[in-house]
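Undergrad: Handing you this structure, nothing more for now.
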Amino acid sequence: MGVFARVKEMFRSRNVDEEKESESRTIQTLELKDIVSYDLEDYIVIGKIVYEDGGSEWTVYQLEGERNNRWLSLEEDDEWVIGMYDKSSVPIEEPNSSIFTYEEVEYQVQEHGTATIKEVEGRVGASTNQTVQYWDLVDTMTQEKLLSIEKWGGSLEASVGQAIIEKEISIIAGT
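Numbering (this note's numbering), first residue to last: 1 to 175.
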């Protein structure tokens, strides 16, 4: 290989590397294997679920960190609504009124319904066309704490979280 061919190859590989480095992601374009940094922790996107209920859609990403896994939810409702959740191990009951107390915090039901799963990627333990009953709640005191309850078949799952803004996270393309 001649000198010019080597120089050309060096520039070509540098340009490819720069393109990969400059590929940017937003919360709306997250993909599996992307890295999400939040609250001084890095997480890898290992799963994605897209829910649909009556024409409304929202997406939830499963994030795997060194110490814990989290769920990042994203819904467009005039503006982007973003939530960061941790799965709770505390048993929960199905809400039977609009006010619900969980772990000594009083929550107000904001949304309740049955969603169909439209899309699944990665390791999330769900499948396309599966239905799930859900409740989205916000604490009555500060309106900063969020509670998500999902009923998969006969089992209930609770996740506790808070609303965040996109500036609180940074994303690095993983692929």
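Glycine included, each C-beta is placed from N, C-alpha and C at the ideal position.
Buried or exposed: which applies to Q28, given that a residue is buried once 16 or more other Cβ atoms fall within 10 Å of its Cβ?
TA: Position 28 of the sequence shown, counted from the start, is the residue given in the question as residue 28. The residue is exposed, with fewer than 16 neighbouring Cβ atoms inside 10 Å.
Undergrad: Straight-line CA distance for G83 to R70?
TA: As a working mapping, residue 83 is identified with position 83 in the sequence shown. As a working mapping, residue 70 is identified with position 70 in the sequence shown. The alpha-carbon atoms of G83 and R70 are separated by roughly 10 Å.
Undergrad: Using CA coordinates, which residue listed in R25, G65, E57 is at the minimum distance from D42?
TA: Mapped onto the sequence shown, residue 42 falls at position 42. For D42, the nearest C-alpha among the options comes from G65.
Undergrad: Hey, L63 and V45 are a contact pair by Cβ (cut 8 Å); roughly how many whole angstroms apart?
TA: Residue mapping note: residue 63 aligns to position 63 of the sequence shown, counting from 1. Residue mapping note: residue 45 aligns to position 45 of the sequence shown, counting from 1. Between V45 and L63 the Cβ distance is about 6 Å, and since that is below 8 Å, they are a contact.
Undergrad: Nearest to T140 by CA position, among Q110, E166, K151, Q133, is which residue?
TA: Sequence index remark: in the sequence shown, residue 140 carries index 140 (1-based). Nearest of Q110, E166, K151, Q133 to T140, Cα basis: Q110.
Undergrad: I believe I117 touches Y51 by the beta-carbon criterion, under 8 Å. Please report the beta-carbon distance rounded to the nearest angstrom.
TA: What you label residue 117 is simply residue 117 of the sequence shown in a count that begins at 1. What you label residue 51 is simply residue 51 of the sequence shown in a count that begins at 1. With 8 Å as the limit, I117 and Y51 qualify as a contact, their Cβ atoms being about 6 Å apart.
Undergrad: Rounded to whole angstroms, what's the CA-CA distance from G154 to W80? Just pull it up for me.
TA: Taking the sequence shown and counting its residues from 1, one reaches residue 154 at position 154. Taking the sequence shown and counting its residues from 1, one reaches residue 80 at position 80. Computed Cα separation, rounded: 31 Å.
Undergrad: Kindly confirm or deny that the stretch 154-166 and the stretch 92-105 touch, where touching means at least three C-beta pairs closer than 8 Å.
TA: Taking 8 Å as the limit for Cβ pairs, the verdict is that the stretch 92-105 does touch the stretch 154-166.
Undergrad: Of all the options W135, A115, L137, V138, which has the alpha carbon lying nearest to the alpha carbon of N129?
TA: Position 129 of the sequence shown holds residue 129. When only C-alpha atoms are compared, the closest one is A115.
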